[in-house]
Amino acid sequence: MTTLFDTMTGSVTQLINPGQDTFSLYVCGPTVQDRPHLGHGRIVATYDLLRRHLRQQGLQVNLVMNVTDVDDKIITRAAQESTSAEAIASRYEAIWWETMDELGVERPDSTPHATDWVQAMIIKIQLMIDAQAAYVIEDGVYLRIASVPHYGLLTKQAFDQLQPGNRVEVNQAKESPLDFALWKRVDVSELGFDSPWGYGRPGWHTECVTMSIELLGPTFDLHGGGMDLIFPHHENELAQAQVLKTPFARHWAHVGFVEMNGEKMSKSIGNTFDLTEAIRLFGGRAVRLAYLRAYYRSPLEMSESTLNDALASLNRIDNFLDRGPYGRPEAGAVAAFTRAIDNDLDTPTAFSVLFDHVREGNTLYDLRQFDSAADKAATVHAMLDWIGLAPTTERLSIPPEISEAVEARQQAKQNRDYATADALRAVIEAAGFAIFDTKDGTELRKDRRLVIDRPSNEASSPEN
RNA sequence: GGCGGUGUGGCCGAGUGGUUAGGCAGAGGCCUGCAAAGCCUUGCACAGCGGUUCGAAUCCGCUCGCCGCCUCCA
Numbered sequence: 020m021t022t023l024f025d026t027m028t029g030s031v032t033q034l035i036n037p038g039q040d041t042f043s044l045y046v047c048g049p050t051v052q053d054r055p056h057l058g059h060g061r062i063v064a065t066y067d068l069l070r071r072h073l074r075q076q077g078l079q080v081n082l083v084m085n086v087t088d089v090d091d092k093i094i095t096r097a098a099q100e101s102t103s104a105e106a107i108a109s110r111y112e113a114i115w116w117e118t119m120d121e122l123g124v125e126r127p128d129s130t131p132h133a134t135d136w137v138q139a140m141i142i143k144i145q146l147m148i149d150a151q152a153a154y155v156i157e158d159g160v161y162l163r164i165a166s167v168p169h170y171g172l173l174t175k176q177a178f179d180q181l182q183p184g185n186r187v188e189v190n191q192a193k194e195s196p197l198d199f200a201l202w203k204r205v206d207v208s209e210l211g212f213d214s215p216w217g218y219g220r221p222g223w224h225t226e227c228v229t230m231s232i233e234l235l236g237p238t239f240d241l242h243g244g245g246m247d248l249i250f251p252h253h254e255n256e257l258a259q260a261q262v263l264k265t266p267f268a269r270h271w272a273h274v275g276f277v278e279m280n281g282e283k284m285s286k287s288i289g290n291t292f293d294l295t296e297a298i299r300l301f302g303g304r305a306v307r308l309a310y311l312r313a314y315y316r317s318p319l320e321m322s323e324s325t326l327n328d329a330l331a332s333l334n335r336i337d338n339f340l341d342r343g344p345y346g347r348p349e350a351g352a353v354a355a356f357t358r359a360i361d362n363d364l365d366t367p368t369a370f371s372v373l374f375d376h377v378r379e380g381n382t383l384y385d386l387r388q389f390d391s392a393a394d395k396a397a398t399v400h401a402m403l404d405w406i407g408l409a410p411t412t413e414r415l416s417i418p419p420e421i422s423e424a425v426e427a428r429q430q431a432k433q434n435r436d437y438a439t440a441d442a443l444r445a446v447i448e449a450a451g452f453a454i455f456d457t458k459d460g461t462e463l464r465k466d467r468r469l470v471i472d473r474p475s476n477e478a479s480s481p482e483n
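In this text, residue positions in the first sequence follow our numbering: the first is 20, and each later residue adds one.
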């Protein structure tokens, strides 16, 4: 039943065929040249959601996310820092995966590195040359767009209307400005590889088409990435697949941009928000919630304010879960939640459902209907678990001395000895608990004061 | 110039031809010694102008604004 918007058809389509029990997914991963920013996290979190959602419906999902570890920018950076490209790539790849761990993103099943697949790329390039679809000129090998049967399927654009060179100078040696490099020759002093067309490096589009086909086969279920990959990257992958007579991806999906002040977050504008910093300030779960509460295809505004807002929402959920034990999840409610996700990953509606149950559960606690409240808690927990947002810490456990302090404080309160009561509160809060007096007694929660309210030098250890 | 997207209440952010999206923040109330929690109530929201309709924020037209892509980008 899962549906997803397919960039190719421009409509929401059935993602799974009847009887299908496996799902192969290729997501364009990072060029490991710098630290990830909030835009990168959204892509990874979105496909992590899709993967979990499909798997929990019984599908065996195979997720491949490539790592581009050879690239001009990596080399430039290495030169700037007087180190090797390999050192830059391995440093930022390590940061990438550690950061994704903190977002609650499961590692992909495969993470092919471009440098390990150069021979396979060379074979593909040779096939394209043999098919008269690619040509060799002075500085490399280019794909001849004119020989692609259907160029522009993804972009949906009349290519005679494009303005080549709008932003980048066109190599005049190419037969057509739209032709793109499969192999770029470089000086032997630079990082590169031997090939029939001289020492050089593979083109990015060739890297992904090669690794996806090699690892997932000539046809696979879904190819994904950010909106900005539609053109040229995915269009050009598809062009090569056509030339290679490979069916390639059955569906294409693209995630909307993260924006800041209404503008796409990108390095060239310089308005990036470092993902690791966001996680440090607000916690990985709050950042993940910030992503998932929006619809994945819409642009998403991200700032300290919106992240703080996300953390406040998360605290609302966690405070509720702290109020008591888990009972039995309400299957119908959980189904309503997952049904929303089934509908083109409609997480906003799913969260609307989730928060309804948080509110109902809180009301049940206030009414002292603890069994029903526990079932609500289990329901909400099951929803969170479905999307990878369940609390990662253990249930609230209260040490005996804190329980005693709570008891003593209750006594002091009854005696109207508020000085003692407040002193005991200080002890309890120092242990990391927050106190809430209700009609029926004192409840303890985890201290979840919003970190943004603290001076930034004290905000170094967000929860979880 | 071409193509695509978008404009929702203080903010984030869904949705849809007619019943409250949801969250955050704000206001009032309940509870309360206090308290960062919880519950209840509350906000002439749907860019503008026309049109279709019994009824439009939701459909159509026009106008305006913003954003993205047109070989760095997630």
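C-beta: ideal position from N, C-alpha, C; glycine also.
Apart from the five residues just before and just after residue i, which ones in its own chain have a Cβ nearer than 7 Å to its Cβ?
i	result
residue 442	none
residue 480	The predicted model places residue 480 with a pLDDT of 34, which falls under 50 and marks its position as unreliable; any figure quoted below should be read in that light. If we look at residue 480 and ignore the five residues flanking it on each side, it has no Cβ neighbours.
residue 61	274, 277, 310, 319
residue 6	Past the boundaries of the shown model lies residue 6; the chain is included only from 20 to 483, so the question cannot be answered.
residue 199	161, 162, 222, 224, 251, 255
residue 234	83, 129, 131
residue 147	153, 162, 201, 259, 262, 263
Let me check one thing: in DSSP terms, what residues is residue i bridge-paired to?
i	result
residue 260	Residue 260 pairs with nothing; no bridge assigned.
residue 332	DSSP output for residue 332 lists no bridge partner at all.
residue 221	202
residue 110	Beta-bridge pairing links residue 110 to no other residue.
residue 380	Partner(s): none; residue 380 has no beta bridge.
residue 271	242
Where does residue i fall in DSSP's three states?
i	result
residue 423	helix
residue 23	strand
residue 432	helix
residue 288	coil
residue 282	strand
residue 173	coil
residue 84	strand
residue 462	strand
residue 53	coil
residue 236	coil
residue 190	coil
residue 338	helix
residue 39	coil
Tell me the rounded alpha-carbon separation between residue i and residue j.
i	j	result
residue 461	residue 380	18 Å
residue 248	residue 35	24 Å
residue 166	residue 26	23 Å
residue 396	residue 89	48 Å
residue 91	residue 447	55 Å
residue 375	residue 265	47 Å
residue 403	residue 369	10 Å
residue 280	residue 57	14 Å
residue 297	residue 143	41 Å
residue 106	residue 421	49 Å
residue 364	residue 315	7 Å
residue 195	residue 94	28 Å
residue 463	residue 454	5 Å
residue 12	residue 245	One cannot answer for residue 12 here, as it falls past the ends of the chain, which runs 20 to 483.
residue 452	residue 291	35 Å
residue 103	residue 269	39 Å
Figure out for me which residue from the options has the closest Cα to the Cα of residue i.
i	options	result
residue 303	53, 64, 447	64
residue 96	452, 255, 464, 53	53
residue 202	435, 373, 161	161
residue 345	60, 400, 123, 216	400
residue 384	342, 357, 84	342
residue 240	382, 70, 157, 451	70
residue 231	81, 457, 426, 430	81
Can you find the residues in the same chain that come closer than 8 Å, C-beta to C-beta, to residue i, ignoring five residues on each side of it along the sequence?
i	result
residue 355	372
residue 227	45, 47, 85, 252, 256
residue 394	346, 347, 348, 349
For residue i, collect the residues of the same chain with a Cβ closer than 6 Å to its Cβ; drop the 5 residues on either side in sequence, then sort them by chain order.
i	result
residue 267	260
residue 141	214
residue 48	84, 85, 86
residue 450	421
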